[in-house]
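The structure under discussion appears below in the form of structure tokens.
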Amino acid sequence: MQLHNTLSGRKEDFAPLNPERVTMYVCGPTVYSFAHIGNARPAVVFDVLARVLRRRYPRVDYTRNITDIDDKINAAAAKEGVAIKVITERYTDIYHEDLDALGVARPTYEPKVTEHLAHIISMVERLIANGSAYAAEGHVLFNVTRYAGYGELSKRDRREMIAGARVEVAPYKKDPGDFVLWKPSTQDQPGWESPWGRGRPGWHIECSAMAEALLGDTIDIHGGGHDLVFPHHENERAQSTAAHDGKTFARYWLHNGFLTMDSEKMSKSVGNVLLIREILKAAPGEAVRLALLTGHYRQPLDWNDEALADARRKLDRLYGALRDAGDVPASEAKAPEAFIAALEDDINTPAALAELFELARALNKASDAAEKATLVAQIKDAGALLGLLQQNPGEWFSQSSGSESTGPSETEIEAALAARVAAKAAKDYKEADRIRDDLKARGVLVEDSKDGQRWRRL
0 MQLHNTLSGR KEDFAPLNPE RVTMYVCGPT VYSFAHIGNA RPAVVFDVLA
50 RVLRRRYPRV DYTRNITDID DKINAAAAKE GVAIKVITER YTDIYHEDLD
100 ALGVARPTYE PKVTEHLAHI ISMVERLIAN GSAYAAEGHV LFNVTRYAGY
150 GELSKRDRRE MIAGARVEVA PYKKDPGDFV LWKPSTQDQP GWESPWGRGR
200 PGWHIECSAM AEALLGDTID IHGGGHDLVF PHHENERAQS TAAHDGKTFA
250 RYWLHNGFLT MDSEKMSKSV GNVLLIREIL KAAPGEAVRL ALLTGHYRQP
300 LDWNDEALAD ARRKLDRLYG ALRDAGDVPA SEAKAPEAFI AALEDDINTP
350 AALAELFELA RALNKASDAA EKATLVAQIK DAGALLGLLQ QNPGEWFSQS
400 SGSESTGPSE TEIEAALAAR VAAKAAKDYK EADRIRDDLK ARGVLVEDSK
450 DGQRWRRL
């Protein structure tokens, strides 16, 4: 298995530190608002990676955090006049609902920052003790000049890093690039007691402390969006390495590419951000998931209406092949090696999907019952690794284009199809065509095949 390591800039053979326990940490959401489709991409990508790893290794401890201490959360709570917990619990529940709809399995651990303040304070104390951090005017800052490897992950020089981080110019900093580990809270801001006074943690130290608490000093894989390489992951790497006496923090760094909207980067300031739950009103979650997997995870992915429609058509083809195979004997066949090899080649989902469609084409041509059984089992097993094709084909085709049912019910459709069969048997082809055209006008496409009629919603 090979994974592209951002640190080295190349694909590397993946060999976990402990083959009996693979550890992976992925940065999760800051829960102050609805998640957008860009937030869904890392959740789906690393869900697939976790599934692939679990096929090969006996234990995979996957941690994806919830950031529930943040200035944006404070602002949202102040605007509504409620405690921050009201905001964070609301949007955590919504995030879970959205990811459930996309078929994203829950991680092994989902820590919250508020549950790990003792770990955060302990790590900050260690960094001060070994000279990597210092307290100043109620703040604690990491001294970047004490870590020789600073900048290696993002491949930036000092001037780029300072500009990229939009550093706060403050008289208490020893170096302009020093970043906050702990900061004071005013009386009207949420705060927690610490050796440096009442305050709250900086963003970067939170992930380092939670990763250490749940996965250990050194983890196998650290993942997240490309936008997190700097400053977040650069700072995580620096403080974790310093806190662990120079031990490697993460052995493989993986980052997914940006999601664009009609070729323009999604941005709240531009106003082109699409919320996951708004998209789910227009398409099934499985189609959204497939659309997110059609491009290689490291490359930018352009989100537009056609991408979603194309994903739905592809699922129609796959589910159609399974449906047309009919009832076949159970088979223990697993996904073929070519499919597995594609996923183990740096999560190459486009290549894996190409193999999946080859299986569907073979199934459409198969006539032998045993061959059909093998191919059906292989398709379902391959689909499971991608988080696809796990529902009954009839359920897939009975779904409407949105979250609310529209058009004729499945019972009505089946009754109309039975009437069409009777009309054709009586050689009343005009009536048969009328039934077909009526169903199409109501959003149901009827197709004739050698095995009889099949239908799908438009």
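Taking numbering that gives the first Met the number 0, I'd label the letters of the sequence shown as residues 0 to 457.
Backbone N, C-alpha and C define an ideal beta-carbon position, used for all residues, glycine too.
### Query
If you compare alpha carbons, which of P230, L289, A117 and G148 is closest to L355?
For this step, residue 355 is matched to residue 356 along the sequence shown. Minimum Cα distance to L355 is reached at L289.
### Query
From G401 to A169, what distance separates their C-alpha atoms?
Along the sequence shown, one-based indexing puts residue 401 at 402. Along the sequence shown, one-based indexing puts residue 169 at 170. Since pLDDT at G401 reaches only 44, below the 50 mark, its modelled position is unreliable, and the value read off the structure follows with that caveat. When rounded, the distance between both Cα atoms is 51 Å.
### Task
Check the DSSP bridge columns for V25 and list the partner residues they point to.
Within the sequence shown, residue 25 is the residue found at index 26, counting from 1. The partner list for V25 (beta bridge, DSSP) reads R63 and G222.
### Task
Please confirm whether I491 and L2 have their CB atoms less than 9 Å apart.
Absent from the model: residue 491. The displayed extent of the chain is 0 to 457, so no value can be given.
### Query
What is the rounded straight-line gap between the Cα of P335 and the Cα of G270?
The residue given as residue 335 occupies position 336 in the sequence shown. The residue given as residue 270 occupies position 271 in the sequence shown. Looking at the two C-alpha atoms, the distance is approximately 44 Å.
### Message
Please report the distance separating the alpha-carbon of N234 from that of I218.
### Response
The count along the sequence shown starts at 1 and reaches residue 234 at position 235. The count along the sequence shown starts at 1 and reaches residue 218 at position 219. Their Cα atoms are separated by approximately 16 Å.
### Query
Based on the DSSP secondary-structure assignment, which residues constitute the bridge partners of M260?
Sequence index remark: in the sequence shown, residue 260 carries index 261 (1-based). In DSSP, M260 forms a bridge with E263 and W302.
### Exposure of Q389, with buried meaning 16 or more beta-carbon neighbours within 10 Å
Counted from its first residue, the sequence shown places residue 389 at position 390. That one is exposed.
### Message
Relative to the C-alpha of H295, which candidate in A332, L317, A353 and G190 has its C-alpha closest?
### Response
Residue numbering aside, residue 295 sits at position 296 when the sequence shown is read from its first letter. The shortest Cα separation from H295 among A332, L317, A353 and G190 belongs to A353.
### Query
Bridge partners of H35, per DSSP?
Stepping through the sequence shown from its first residue, residue 35 is reached at position 36. DSSP output for H35 lists L274 as bridge partner(s).
#### Entry: Residue closest to R311, alpha-carbon to alpha-carbon, out of Y133, V143, A281 and A414
Against the sequence shown, residue 311 aligns to sequence position 312. The shortest Cα separation from R311 among Y133, V143, A281 and A414 belongs to A281.
### Task
Please list the segments of the alpha helix (DSSP H) lying wholly inside the region 301-355, counting only runs of 4 or more residues, in order along the chain.
304-323 and 336-342
### Message
Run through the DSSP bridge pairs and tell me what L2 is partnered with.
### Response
The sequence position of residue 2 within the sequence shown is 3, counting from 1. Answer is E11.
### Query
Contact between the region 105-119 and the region 56-76: three or more CB pairs below 8 Å?
yes
### Task
Name the two residues that bound the continuous alpha helix (DSSP H) containing N142.
As a working mapping, residue 142 is identified with position 143 in the sequence shown. Careful: N142 lies outside any alpha helix (DSSP H) and carries neither H nor E.
### Message
So for G201, helix, strand or coil by DSSP?
### Response
Here residue 201 refers to the residue found at position 202 of the sequence shown. Reduced to three states, the DSSP call for G201 is coil.
### Message
How far does the alpha helix (DSSP H) with V81 in it extend, from its first residue to its last?
### Response
The sequence position of residue 81 within the sequence shown is 82, counting from 1. Run containing V81: none; DSSP gives neither H nor E here.
### Task
Could you name the residues of the same chain whose beta carbon sits closer than 7 Å to that of L258, not counting the 5 residues immediately before and after it, in chain order?
Start at 1 with the first residue of the sequence shown, and residue 258 comes out as number 259. Excluding positions up to five away in sequence, the list reads I36, G37, R40, M265, L300 and W302.
### Task
Could you check what DSSP says for V179 in three-state terms: helix, strand or coil?
Here residue 179 is taken as the residue at index 180 of the sequence shown, counted from 1. V179 falls in the strand class under three-state DSSP.
### Query
Is it true that the CB of S239 sits closer than 9 Å to the CB of S193?
Here residue 193 corresponds to residue number 194 of the sequence shown, with the count starting at 1. Here residue 239 corresponds to residue number 240 of the sequence shown, with the count starting at 1. Not in contact: S193 and S239 (Cβ atoms no closer than 9 Å).
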